[in-house]
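Heads up, the thing below is written out as C-alpha cells.
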Amino acid sequence: MSTLPDLDRRTFLTAVAVGGGLAVGVLGDALPARAGVPATSSALGAWVRIGADESVTILVGAAEMGQGVFTSLAQLVAEELEVDWARVRSEAAPAAAVYANPLTHAQLTGGSTSVRGYFDALRTAGAAAREMLVAAAAARFGVAPGACVAARGVVTCPSTGASARYGALAADAARRPVPTAPALKPPARWTTIGRSVPRVDLPAKVRGAAVYGIDVRVPGMLHAVVRHSPMVGGTVASVGPRPAGALGVVDCGDAVVVAAATTWEAMQAARGLKVTWTAPPTTSATTSATISAQARSLMTAGPAVVAESAGSATAAIAASTRTVDATYELPYLPHAPMEPPACTASVTAAGCELWAPTQAPGLAAATAAGICGLTPDKVTVHPTMLGGGLGRKFENDFVAHAVKASKALKAPVKVTWPREEDLGHDQYRPMALIRVRAGVTAGRLTGWSHRIVTPSILFQRGWVPDGAVDSQSVDGAVDLPYALPDRLVEQVRHPAAVPVGFWRSVGNSLNCFAVESALDEVALAAGVDPLALRLRLVDDPRAAAVLTAVTSAAGWSRPPAGRGLGLALTRSFGSYVALVAQVAQPAPGTVRVERVWCAADCGRLVNPDTVDAQLTGGILHGLSATLFGRTTFERGVASPRNFDELRVVRMADAPVVSVQLLPSTAAPGGVGEPGVPAVAPAVANAWARLTGVRRRSLPLG
C-alpha cells in the first residue's frame, strides 16, 4: 500500500469531472483550465486522458530533451493504470503547479530528478485511477470490486465474464469516491516498469514531425534574432536607424532584437544595424589570464567557507610521513546544445502565450508575467521538445527577449539566438581551481584537505548570501563514498563577472576531476594499486560493487601493451558510476581514448535502454569537455563562437563504450548526469599510468 501525502500539503489526490469523464491525479492545484482536453477524450486527472479510440495520453511535467522522460514517466502511470503500452502516447504538460516535481517542488527539469521525483507520485495517480475504474465496473456488473481485474485497458469479472473498456467506464468512475491509499503493485508484478519499451517520442522524430522550439509557427508571426554586446555584461547605449529588411527593432537593454519576415532576413538586418554599446566596468578584468591569476591569489589568501569538516585534517596531514599536494584547474565551458535558444511569444491585452524549449516552464511564465505586468495565471506556456538542454534552457534570457519583442511590436514574435550569440553569451559552467592536500603514512591515507576557488552560481543569482556555502560549488567534494575521518572541504568564491549556470552535473564535473585524480596520486605515493586504495577507503557497498564490476570488465590487472587504464568513481544524483578509460598515445603528447567501460548502480530501472543511452551519452559529452572543452575571455569577449572553433567528440574520436547496469532494489537514481563527472579523471589517470606524466589542467586534448 502507498499512503498518499498529507492532503493539506502541496501534493494531494483529488477527482473532478472534466467533459463527463474521470479526472484523478496527484494534484497540487485544480486541473489547469488550459490543459486542453479534447472533446473526444476523458481526463483521468491532470496526468491521463483516455480517447474514444482507447488511446491513452499521459501528460509529462518534465521537459523531453532527448533523455527519454516522455517514455519513462509514462511507464510509471501505465504500470499502475494497467493499459496496453501500444496505446500510450505522451504530451508536454503546460506550466501549472499540479505538474511540479515532488522532489524539487517546482516544474523544472534538472538535477537528474525526473524519475526520482515522480516515481511514487505518478504510480500512485495511476493506481488511484485504476481502483476508481474497477469500482465503476464492479457497480455496473453488480459484483464487489475485489471480483474484478484490470488489465490492458479493460476491467473484467472472471466469474461472470462481464467486461468493459476504460473509455466506457470513465464517466461513471468520475462519480466514485477517491481512494486515499491505493494499492500499488509489488515489483514482482511489474510488467512495464523495468522493461525497455519502445520510446513514444521516436516515431515523430523519425518522421520529422516533432516540434522543437525553433520549429514553432503561429499565425501572423514575425521572425527575429538577438544581437548582444561583443563583451559579456555590455548594455545598449544607442540604436541606429532600422536597416533594410527589418520590420522592427527592440532595445531589450542587454541586447537588441531585430524582426523581419524570415529568420534569414532578420539575421542580415541584425548584421547591418548600427548599435553603440556600453561596456561594463569589469571588462578589463574579464580576461582568462586575469581570472586564473586571481584564482591563484584567492587559493592562498581568499576567505574560505567550510563546507564539510571532520576530525583535524590539518594536523593529520602535518603528522603524515608523505604529503600529496596537487592543484587542478578547469576552464569555463559552454553548454552548446544543438538547438540554440529560441522562444515564440504572443503578448495581447488578454495575456501572454509562450512556445519554448524550456527546462522550467513555471520560471518562464514568471519571467513573462514580470515583463508584462501580469499575474502568472495570465501566461500560458506550451513547452516544446528541446534539441538539447544541458542546463542552458533552465535560463530565461531568451524567453525575456521574445516577450519584450512581442510586447513592443504588438505581434507574435519568434526570437532565435544565432550560434555565435549562444556561445558568446551563455551561462557558462564555472571555471575552478582546486587544491587537494593529502597525508600518507604506512601506505594509508591519513588526512584530506580540499579547497575549491570558483564563481558561485547561487550567489550570482542572489539565492545565497555572500559567505554562504554554494551547494553547487562543492557537489562532488562533500559526502564522498570514502571513509576519510580527518577531512576538510572549503569553498572560496571567485568574483569574476562571467555569468555562470547549471551545466550537466554542475559541481560534480569540477570536483570529481580533482578528487579522483588526487586519489591516484595518493595511491602512487602510498605504493598501492589505485583500485586497492579505493576499495580500502569506500564505506558504501554499492560503490565497492561498481568498482569491482568495472575493473573486472576492463581487465584492470592486464592492460594491453602500449595502453593505459584509468579508474574513477562518482556517487552523484542518487547513482553510483565507476569508469575505466583505456588510452593510447598515437603521437607524442596526443591523448587517444580507445575504450570506456562503465558500471552503474542507478537503483531500480524504469527503462534500461534509456539508462544505457543516457550513461553513454553522458560519457561522450564528458569526453568532449575532457579533451576539447574550453571558453576563454579577452576583455569580456568570449571564444569560441561557433562549431568551427568549438571541437566536440566526433565519430572518429569516439571510443567504444560498454555499459553494465548492476541490478538493484534501491530507489531510482538519476541517469542524465552521473555519466559525466568520472570521465575526466579516468582519462587523466589512464594517461598518467601510460606515460608517467600527471596532467592537472583541462582540456587534455
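Mapped onto this note's numbering, the consecutive letters of the sequence shown carry residue numbers 1 to 701.
The C-beta atom is built at its ideal place from N, Cα and C for all residues, glycine as well.
Since the model is a prediction, treat every value here as computed from it, not as a measurement.
So, helix, strand or coil for residue i, using DSSP?
i	result
Asn685	helix
Asn642	coil
Gly439	strand
Ser471	helix
Val528	coil
Arg130	helix
Leu184	coil
Met1	Caution applies to Met1, whose pLDDT of 36 falls short of 50 and renders its modelled position unreliable; the model cannot decide the point.
Thr263	helix
Val206	helix
Val149	strand
Gly622	helix
Asp612	helix
Val258	strand
Asp486	coil
Gln67	coil
Ala660	Position check: residue 660 holds Gln in this sequence, whereas Ala was assumed. Gln660 falls in the strand class under three-state DSSP.
Thr124	helix
Leu565	strand
Ala30	Unreliable placement is indicated for Ala30, whose pLDDT of 36 sits below 50; no coordinate value is reported for it.
If residue i and residue j are in contact, beta carbons under 8 angstroms, what's the gap, nearest whole angstrom?
i	j	result
Pro357	Gly387	7 angstroms
Val324	Val440	7 angstroms
Pro674	Ser572	5 angstroms
Arg672	Gln67	It is worth fixing the name first, because residue 672 is Gly in this sequence and not Arg. With a Cβ gap of about 5 angstroms, Gly672 and Gln67 count as contacting.
Thr235	Gly253	6 angstroms
Val711	Val606	Residue numbering for the chain in the displayed model covers 1 to 701; residue 711 lies beyond these limits and cannot be assessed.
Val637	Pro230	5 angstroms
Gly574	Gly603	7 angstroms
Pro677	Asn508	4 angstroms
Leu661	Asp612	7 angstroms
Val60	Val48	Between Val48 and Val60 the Cβ distance is about 11 angstroms, and since that is not below 8 angstroms, they are no contact.
Gly391	His425	Going by Cβ atoms, the distance from Gly391 to His425 rounds to 15 angstroms, so no, they are not a contact pair.
Thr626	Val538	Actually they are not in contact, since the Cβ atoms of Thr626 and Val538 sit about 24 angstroms apart, beyond 8 angstroms.
Glu54	Gly213	Incorrect: roughly 32 angstroms between the Cβ atoms, too far for contact.
Glu82	Arg189	Contact flag wrong, Cβ pair sits at about 10 angstroms.
Just grab the DSSP bridge partners of residue i for me.
i	result
Ala584	Arg592
Met431	Met431 is not bridged to any residue.
Leu222	Val413
Met385	Tyr212
Ser90	Ile58
Trp355	Thr344 and His382
Trp503	In the DSSP output, where bridge partners are listed per residue, Trp503 has none listed.
Ile371	DSSP, once it has assigned bridges, lists no residue as partnering Ile371.
Asp325	Arg437
Arg571	Tyr576
Ala162	Cys157
Val733	Lying outside 1 to 701, the shown extent of the chain, residue 733 is not represented and no answer is given.
Ser697	Glu329
Ala599	Ala578 and Gln660
His450	Val436 and Val489
His228	Ala255
Phe633	Ala638
Glu521	Answer is none; Glu521 lacks a bridge partner.
Take residue i as the anchor and find which of the options has the nearest alpha-carbon.
i	options	result
Pro430	Asp479, Asn511 and Trp355	Asn511
Thr570	Gly443, Ser309, Gly670 and Thr104	Gly670
Gln294	Asp470, Leu108 and Ala497	Ala497
His494	Ser697, Val98 and Leu433	Leu433
Glu308	Ile58, Ala164 and Pro485	Pro485
Ala654	Ala686, Cys352 and Val591	Val591
Val250	His401, Lys274, Val522 and Cys343	His401
Phe513	Leu330, Thr71, Gly153 and His223	Leu330
His228	Ala162, Ser664, Gly220 and Ala237	Ala237
Gly248	Val232, His223, Trp264 and Gly233	His223
Pro418	Arg195, Pro102, His621 and Cys343	Cys343
How about residue i: is its C-beta nearer than 7 angstroms to some C-beta of chain B?
i	result
Ala544	The structure shown contains no chain B, having only a single protein chain.
Inter-stretch contact (C-beta, 8 angstroms, three-pair minimum) for the region 485-504 and the region 449-461: Verdict: yes, contact present.
Between the region 366-376 and the region 298-317, can you find at least three pairs of beta-carbon atoms closer than 8 angstroms? By the Cβ test, the region 298-317 is not in contact with the region 366-376, since fewer than three Cβ pairs between them sit closer than 8 angstroms.
Given 8 angstroms as the limit, is there contact between the region 643-653 and the region 567-587, that is, 3 or more CB pairs closer than that? No contact exists between the region 643-653 and the region 567-587.
Using 8 angstroms as the threshold, is the region 256-264 in touch with the region 405-418, meaning 3 or more CB pairs across them? By the Cβ criterion, the region 256-264 is in contact with the region 405-418, since at least three pairs of Cβ atoms, one from each stretch, lie closer than 8 angstroms.
Do the region 88-97 and the region 123-135 make contact, defined as three or more Cβ pairs closer than 8 angstroms? Because the criterion of three Cβ pairs below 8 angstroms is not met, the region 88-97 and the region 123-135 do not touch.
Examine the Cβ distances between the region 167-184 and the region 97-112 and report whether three or more of them are shorter than 8 angstroms. Flag = no, the region 167-184 and the region 97-112 do not touch.
Contact between the region 457-474 and the region 386-404: three or more CB pairs below 8 angstroms? When C-beta atoms of the region 457-474 are compared with those of the region 386-404, fewer than three pairs fall below 8 angstroms, so the two segments do not count as touching.
Quick check: the region 344-353 against the region 539-549, are at least 3 beta-carbon pairs closer than 8 angstroms? Between the region 539-549 and the region 344-353, the count of Cβ pairs shorter than 8 angstroms is below three; the stretches do not touch.
For the region 160-170 against the region 137-149, do three or more pairs of beta-carbon atoms, one drawn from each stretch, fall closer than 8 angstroms, so that the two count as touching? In this structure the region 160-170 lies against the region 137-149, because at least three pairs of beta carbons, one per stretch, are closer than 8 angstroms.
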